[in-house]
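Below: the structure, in structure tokens.
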Amino acid sequence: MTKPKILITRKIHSQVVDFLNEYCEVEMWSEEQTVMPRETLLKKVTDIEGLYCFISDTIDAELLDAAPQLKVVSNMAVGYNNIDVKACQARHITVTNTPGVLTDTTADLTFALLMATSRRLLEASDYLRKGKWQSWYPTQLTGQDISGATLGIFGMGRIGEALAKRANGFDMKILYHNRHRNEQAEKTLGAMYVSKEELLQEADFVCLLMPYSEETRNFIAKEELQLMKPSAILINTARGGIVNEEDLYDALIQKQIWAAGLDVFEKEPVRLNHPLLRLPNVVTLPHIGSASIATRLNMAKLAAENLVDAVTGKTPKHVVRP
Ligand code: DGY
291 MTKPKILITR
301 KIHSQVVDFL
311 NEYCEVEMWS
321 EEQTVMPRET
331 LLKKVTDIEG
341 LYCFISDTID
351 AELLDAAPQL
361 KVVSNMAVGY
371 NNIDVKACQA
381 RHITVTNTPG
391 VLTDTTADLT
401 FALLMATSRR
411 LLEASDYLRK
421 GKWQSWYPTQ
431 LTGQDISGAT
441 LGIFGMGRIG
451 EALAKRANGF
461 DMKILYHNRH
471 RNEQAEKTLG
481 AMYVSKEELL
491 QEADFVCLLM
501 PYSEETRNFI
511 AKEELQLMKP
521 SAILINTARG
531 GIVNEEDLYD
541 ALIQKQIWAA
551 GLDVFEKEPV
561 RLNHPLLRLP
571 NVVTLPHIGS
581 ASIATRLNMA
591 KLAAENLVDA
601 VTGKTPKHVV
611 RP
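In terms of our numbering, the sequence shown opens at residue 291 and continues consecutively.
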């Protein structure tokens with residue numbers, strides 16, 4: 291029996307490729323660090339049934355039209371804003387993602403950003419390495435306290451809950467805002483549901499953990515930043531487009547807010563001349579929320595299982611239903 295053809299758009303773990311080879315005829319882009327050029331991608335999808343892709347690939351109507359036999363788009367990520375899900379649905383193409391396996395790793399990184407910004411870790415390390423540490427003095431590199439502070443979470447889903455769990459260990463007060471109330475988080479984590487405005491006004495740390503969509507685009511812009519405390523810190527480990535970067539830059543320069551921790555940007559990879567990269571009170575990371583060795587392997591495996599299920603006529607574990 292002929293196996294269904296699939297394309298993997300980046301080099302992934304060899305044991306995952308071995309698993310896929312059992313069920314599929316696999317073609318894999320051999321580069322690990324370079325994205326497959328669009329032209330090449332468009333040529334390579336013409337006879338595939340499964341596409342194994344990543345947040346760096348744009349899966350739009352043009353690509354789907356070039357792939358008339360496509361049955362499944364399996365994204366190795368929980369977010370899927372790189373995929374035109376409606377266009378896939380219109381063509382009866384299943385879209386899958388990898389929720390769950392990256393929850394704790396992403397919550398860890400979010401908390402790490404919160405700590406790095408509030409206690410000025412990168413600035414302090416630079417200070418030492420640049421020979422500025424001449425003596426100890428009381429106001430030297432002073433930051434904001436974490437213990438006992440108020441954490442505001444936009445998006446109390448899996449990762450939001452995992453972040454709240456960590457915050458409980460630091461005796462933080464937890465506020466959240468969501469499209470729907472999360473009674474479980476209220477009961478078990480002591481999180482309080484508040485309006486968007488209330489959260490912005492009261493939180494010492496505003497953490498963004500919601501999915502990106504047209505609705506959440508520019509969710510944090512000038513008006514929202516003006517509501518935040520001058521001592522508040524904004525942390526974004528969700529998607530760059532949720533924050534208006536120009537407004538954030540202005541708010542930081544005008545000291546409307548104290549600092550920001552960003553793992554994500556509107557356009558990735560971010561340009562070296564991006565204004566936010568110049569500010570000492572902004573900690574910037576190259577989208578590494580889920581980047582632990584174990585988690586990336588688990589994501590790769592889950593994306594492979596989703597794909598195999600779809601091309602062999604089973605219902606995958608994680609189908610995206612917008
Ligand atoms: C995701 O899974 O959506 C992350 O942003 C990439 O790991």
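All C-beta atoms, glycine included, are put in the ideal place defined by N, C-alpha and C.
Here the alpha carbons of A367 and K463 stand approximately 30 Å from one another. Out of K591, G480, R611, A402, the CA that lies nearest to the CA of V391 is found in K591. For the pair C497 and L567, the CB atoms are not nearer than the 8 Å cut-off.
For F495, the enclosing beta strand (DSSP E) begins and ends at 495–498. In this structure, R410 places its C-beta atom within 8 Å of the C-beta atom of L431.
Taken through DSSP and simplified to helix, strand or coil, N472 comes out as coil. Per DSSP, the continuous beta strand (DSSP E) segment holding G442 begins and ends at 440–444. Nearest to R586 by C-alpha distance, out of Q305, C378, M291, is Q305. Here the segment 402–419 makes no contact with the segment 335–344; the two share fewer than three CB pairs at distances below 8 Å.
Between the segment 369–382 and the segment 391–410, the count of Cβ pairs shorter than 8 Å is below three; the stretches do not touch. Here M589 carries a helix assignment [DSSP, helix/strand/coil]. One alpha carbon belongs to E492, the other to A402, and they sit about 21 Å apart. No residue range can be given for G603, since it is assigned to no alpha helix (DSSP H) and is classified by DSSP as neither H nor E. Judged by DSSP in its simplified three-state form, V375 adopts helix.
Listed in chain order, the non-local C-beta contacts of G450 below 6 Å within the same chain comprise I443, L499, local neighbours out to five positions each way being set aside. For A356, there is no enclosing beta strand (DSSP E), as DSSP marks it with neither H nor E. H577 has its Cβ nearer than 7 Å to a heavy atom of ligand 1. Nearest Cα to N387 within the set I345, L360, E352, H470: I345.
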